[in-house]
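What follows is a single structure, written as structure tokens, with notes after it.
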Amino acid sequence: MKILVLNCGSSSIKYALYNMDDKSVMTSGGAERVGLDGAFVKVKLANGDKKQIMHDIPEHTEGVKFIFSLLTDPEIGVIKNLDEIDAVGHRMVHGGEKFNKSVLLTDEILKVFEECSDLAPLHNPANLKGVNAVKELMPGLPQVGVFDTAFHQTMPDYAYMYALPYELYEKYAVRRYGFHGTSHRYVSRRACEFLGKDYDSSRIITCHIGNGGSVAAVKNGKCMDTSMGLTPLEGVMMGTRSGDIDGGAVAFIQKKLGLDADGISNLLNKKSGVQGITGISSDMREIDAAAAKGDKKAILALEMYNYRIKKYVGAYAAAMGGADIIVFTAGVGENQTSMRAAVCADMEWMGVKLDKEKNDAARGVEAVISTDDSAVTVVVIPTDEELVIASDTMSLL
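The number in this note's numbering is simply the position in the sequence shown, starting from 1, with 548 added.
Below you can see the structure in the form of structure tokens.
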């Protein structure tokens, strides 16, 4: 069975074609600058080389159409005919309270998904464009939606409710939903497989730390809390997002700068976080380099960044009555050894002992980075959200 995985953003389309007989990636890539000048597609070839192809992509249907043409291209394609694709699995960002698992995307389901667009106005419409593009180009091809928020739907009400007037929840569904759920689901289960532990009787803290970041508490195979909220803004400090901030401070800044709702949202989501503190970049590699040269703002940003992740790890250990496993994943979590060391420093009180040599050696690979006598096992598990989407799609078919 061959399954195409699509992740459609507002101006991008990432894709991967899987052969599910052996779960191998036949090809992958992504279209960038959809709807903008200078659009292009990056393709990872079968031999591992990468190729960039300039192509005008005015909207998502044209982008998906061009990706389909690349899959069957005589020189760089990996299939002879589009009929070889058995189904398409989509990353769907916000399922609200409507979806707690992956679903086959029927017209009725898509109508319900559209109702969640108010909760993710940038992401959900883009996801829907991808689905509609496939429907137009290959009518009748089965499509499956895998929701970022679904894994977190097991949170108890006392964890996901905000202390706001209750009618805001009843009328507008204002509550914590969480994101990166597909990643948290994959790495929490994979960590137990890797360690030979029982997933259904383990207390796991998963740290998905990339340009966007979130931490989750997974107890006995179910998410009981997560750091992101109604939107991906809440929680730890991120590349360009502020993370947790006093609501009163938001109102104060809005008045002082004369910003409307879109203006304050733009400031908090795109001009804050590591980028906002340093004025250098949202890329942690550049911040590391600047800190190494003594840049005070870069040093401050790293201290803030690490401290906030550490606070969530400690809070979730308290919420679960301890922790058995801590998982680091995503771009920063898998590669920034200094962040992992800072988060785990002085955590012996909860049974964490990091092995410096193991930690320094673990970059982008599955590895145990705690000492042999650490009561809490600390691991690095590279995430694979696309494989989860492909697997869920195959299971539903």
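Cβ atoms here follow ideal geometry from the backbone N, Cα and C, with glycine treated the same way.
**Study point:** DSSP three-state assignment for Ser558, whether helix, strand or coil
**Key:** Along the sequence shown, read from residue 1 onward, the residue named residue 558 stands at position 10. Note: Ser558 maps to coil in three-state DSSP.
**Study point:** contact_flag[the stretch 729-745, the stretch 800-812] where n(CB pairs < 8 Å) is 3 or more
**Key:** no
Practice item. Could you say which of Phe695, Lys613 and Val626 lies nearest to Leu653 if we only look at CA atoms? Key: Indexing the sequence shown from 1 puts residue 653 at position 105. Per the Cα distances, Phe695.
Practice item. Tell me whether Lys607 sits in a helix, a strand or coil according to DSSP, three-state version. Key: Mapped onto the sequence shown, residue 607 falls at position 59. This sequence places Glu at residue 607; Lys is not what is there. Three-state DSSP puts Glu607 in coil, outside helix and strand.
Practice item. List the endpoints of the continuous alpha helix (DSSP H) containing Cys740. Key: Residue numbering aside, residue 740 sits at position 192 when the sequence shown is read from its first letter. Its alpha helix (DSSP H) spans residues Gly729 to Leu743.
**Study point:** Simplified DSSP state of Cys771, which is helix, strand or coil
**Key:** Stepping through the sequence shown from its first residue, residue 771 is reached at position 223. Correct three-state label for Cys771: strand.
**Study point:** Selection from Ala764, Gly783, Ala915 and Glu580 that minimises the alpha carbon distance to Glu741
**Key:** Along the sequence shown, read from residue 1 onward, the residue named residue 741 stands at position 193. Measuring from the Cα of Glu741, the nearest candidate turns out to be Ala915.
Check your understanding: Is Leu554 near Ile633, with beta carbons less than 8 Å apart?
Key -> Reading the sequence shown from its first residue, position 6 is the one you call residue 554. Reading the sequence shown from its first residue, position 85 is the one you call residue 633. Result no, Cβ atoms of Leu554 and Ile633 do not sit closer than 8 Å.
Exercise for review: Would you kindly report the start and end of the unbroken alpha helix (DSSP H) that includes Lys845?
Suggested key: Numbered from its first residue, the sequence shown carries residue 845 at position 297. Element bounds for Lys845: Lys844 to Met868.
Practice item. Please classify Ile691: does DSSP put it in a helix, a strand, or coil? Key: Working through the sequence shown from its first residue, we reach residue 691 at position 143. Per the sequence presented here, residue 691 reads as Gln, with Ile not at that position. Note: Gln691 maps to strand in three-state DSSP.
Check your understanding: So, helix, strand or coil for Ile929, using DSSP?
Key -> As a first step, residue 929 is located in the sequence shown; it is residue number 381 there, counting from the start. Note: Ile929 maps to coil in three-state DSSP.
Point to revise | Whole alpha helix (DSSP H) elements within the stretch 610-677, 4-residue minimum | key: 655-662
Review point. Span of the alpha helix (DSSP H) holding Arg888?
Key: Taking the first residue of the sequence shown as position 1, residue 888 is located at position 340. Looking at the DSSP string, the run of the alpha helix (DSSP H) that includes Arg888 is Thr885 to Cys892.
Review point. Sorted by chain position, which residues of the same chain lie with C-beta nearer than 8 Å to Asp908's C-beta, five sequence neighbours on each side aside?
Key: Here the question's residue 908 lines up with position 360 in the sequence shown. Excluding positions up to five away in sequence, the list reads Thr885.
Review point. At a cut of 8 Å, does the stretch 832-852 reach the stretch 895-905 through at least three beta carbon pairs?
Key: no
Point to revise | Neighbour-count burial assignment, Gln823, 16 or more Cβ in a 10 Å radius | key: The residue you call residue 823 lines up with position 275 of the sequence shown. Classification of Gln823: buried, given that the 10 Å Cβ count is 16 or more.
Practice item. Taking Phe712 as the reference, give the member of Phe647, Ala698, Leu778 and Met686 with the closest Cα. Key: Along the sequence shown, read from residue 1 onward, the residue named residue 712 stands at position 164. Just to set this straight, residue 712 is Leu in the shown sequence, not Phe. Nearest option by C-alpha distance: Leu778.
**Study point:** For Asn567, the three-state DSSP class (helix, strand or coil)
**Key:** Within the sequence shown, residue 567 is the residue found at index 19, counting from 1. It is a strand residue.
Practice item. Report the rounded CA-to-CA distance for Glu912 versus Lys906, giving the unit in angstroms. Key: Translated into positions along the sequence shown, residue 912 becomes position 364. Translated into positions along the sequence shown, residue 906 becomes position 358. Per the sequence presented here, residue 912 reads as Gly, with Glu not at that position. C-alpha separation (whole angstroms): 13 Å.
Exercise for review: Sort Val735, Val766 and Thr609 by Cα distance to Asp748 and report the nearest one.
Suggested key: As a working mapping, residue 748 is identified with position 200 in the sequence shown. That would be Val766, whose Cα lies nearest to the Cα of Asp748.
Review point. To the nearest angstrom, how far is it from the Cα of Ile825 to the Cα of Lys571?
Key: Here residue 825 refers to the residue found at position 277 when the sequence shown is read from its first residue. Here residue 571 refers to the residue found at position 23 when the sequence shown is read from its first residue. Each residue's Cα considered, the two are about 42 Å apart.
Practice item. Kindly identify the DSSP beta-bridge partner or partners of Lys592. Key: On the sequence shown, position 44 is the one that residue 592 refers to. Answer by DSSP bridge pairing, in chain order: Ser576 and Lys598.
Check your understanding: Relative to the alpha-carbon of Gly586, which residue among Asp597, Thr575, His603 and Gly578 has its alpha-carbon at the smallest distance?
Key -> Locating residue 586 in the sequence shown gives position 38, counting from the first residue. Of the listed residues, the one whose Cα sits closest to Gly586 is His603.
Practice item. Would you mind stating whether Val927 and Ile937 have Cβ atoms separated by less than 8 Å? Key: Position 379 of the sequence shown holds residue 927. Position 389 of the sequence shown holds residue 937. No, these two residues do not count as a Cβ contact at 8 Å.
Practice item. Kindly indicate which three-state DSSP category Thr877 falls into: helix, strand or coil? Key: For the purposes of this step, residue 877 is taken as the residue at position 329 of the sequence shown. Of the three classes helix, strand and coil, the one that applies to Thr877 here is strand, per DSSP.
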